[in-house]
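**Q**
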Amino acid sequence: MQRLADVLFERLATPLAAITLAAALVAMGGQVVFRYGLGASLIWAEEVARYALVWSTMFGAAVAYRQGGHVAITDLTARLPERLSRQVGRAVHLLVFGFAALVAWQGWALALRTFARHQLSPALQIDIAWIYLALPVGGVLVMLAALEALWTGRPPAAPAGPP
13 MQRLADVLFE RLATPLAAIT LAAALVAMGG QVVFRYGLGA SLIWAEEVAR
63 YALVWSTMFG AAVAYRQGGH VAITDLTARL PERLSRQVGR AVHLLVFGFA
113 ALVAWQGWAL ALRTFARHQL SPALQIDIAW IYLALPVGGV LVMLAALEAL
163 WTGRPPAAPA GPP
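Going by my numbering, the final residue of the sequence shown carries number 175, and the count climbs one at a time with no gaps.
1. Could you check what DSSP says for L107 in three-state terms: helix, strand or coil?
2. Can the beta-carbon of R47 be found closer than 8 Å to that of S53?
3. Give the DSSP bridge partners of D139, in chain order.
4. With a threshold of 6 Å on Cβ separation, who are the neighbours of E160 within its own chain once the five nearest residues in sequence on each side are excluded?
5. If V75 sits next to T26, beta carbons under 8 Å apart, how far is it from one beta carbon to the other, in whole angstroms?
6. Mark A67 as exposed unless 16 or more other C-beta atoms lie within 10 angstroms of its C-beta, in which case mark it buried.
7. Count the other CB atoms, across all protein chains shown, that sit within 10 Å of the CB of A29; report buried if there are 16 or more and exposed otherwise.
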């Protein structure tokens, strides 16, 4: 399972998060150059940036969760006995898994409803359901990261370093 998770997150989700973020930055930068430098506007740039950020956020959330990079308040768990602290960590992973499952399930339902309606984006004229698919994809990735954390016993957050 560890090898599969490494491939999925390190070779797929992490690069896709970076690529979609870079696409958003290029689209926004291009829009600024065209609008203020050339006096013309790219009608598609804002949509590309928005949709790329949606996908980047979902990929990035899963990668950050796997690395223990999300914000966590560890004052309480740091004061608990080791065994109880691990149990709280497991409970956190289970809650995250449940929330990610809800996001994946509802995101999938939303994408299916939108596919049925053939709702197109205004500028790019692509089916909005392709954007909504970021929700179930990201939800499933977070679910897998939570399962891996439960399997390996990893704490929910990385230890805090110096400020």
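Beta carbons: idealized from backbone N, C-alpha and C, even for Gly.
**A** With the structure as the only source:
1. As a working note, residue 107 is residue 95 in the sequence shown. Note: L107 maps to helix in three-state DSSP.
2. For the purposes of this step, residue 47 is taken as residue 35 along the sequence shown, with counting starting at 1. For the purposes of this step, residue 53 is taken as residue 41 along the sequence shown, with counting starting at 1. In contact: R47 and S53 (Cβ atoms closer than 8 Å).
3. Here the question's residue 139 lines up with position 127 in the sequence shown. Note: D139 sits in a beta bridge opposite L132.
4. Your numbering for residue 160 matches position 148 in the sequence shown. Contacts found: A17.
5. If you number the sequence shown from 1, residue 75 lands on position 63. If you number the sequence shown from 1, residue 26 lands on position 14. By a beta-carbon distance limit of 8 Å, V75 contacts T26. Their separation comes to about 5 Å.
6. Residue 67 sits at position 55 when you count from the first residue of the sequence shown. The question names Ala, but residue 67 in the sequence shown is Trp. Label assigned to W67: buried.
7. The residue you call residue 29 lines up with position 17 of the sequence shown. Within a 10 Å sphere around the beta-carbon of A29 sit 16 or more other beta-carbons, which makes this residue buried.
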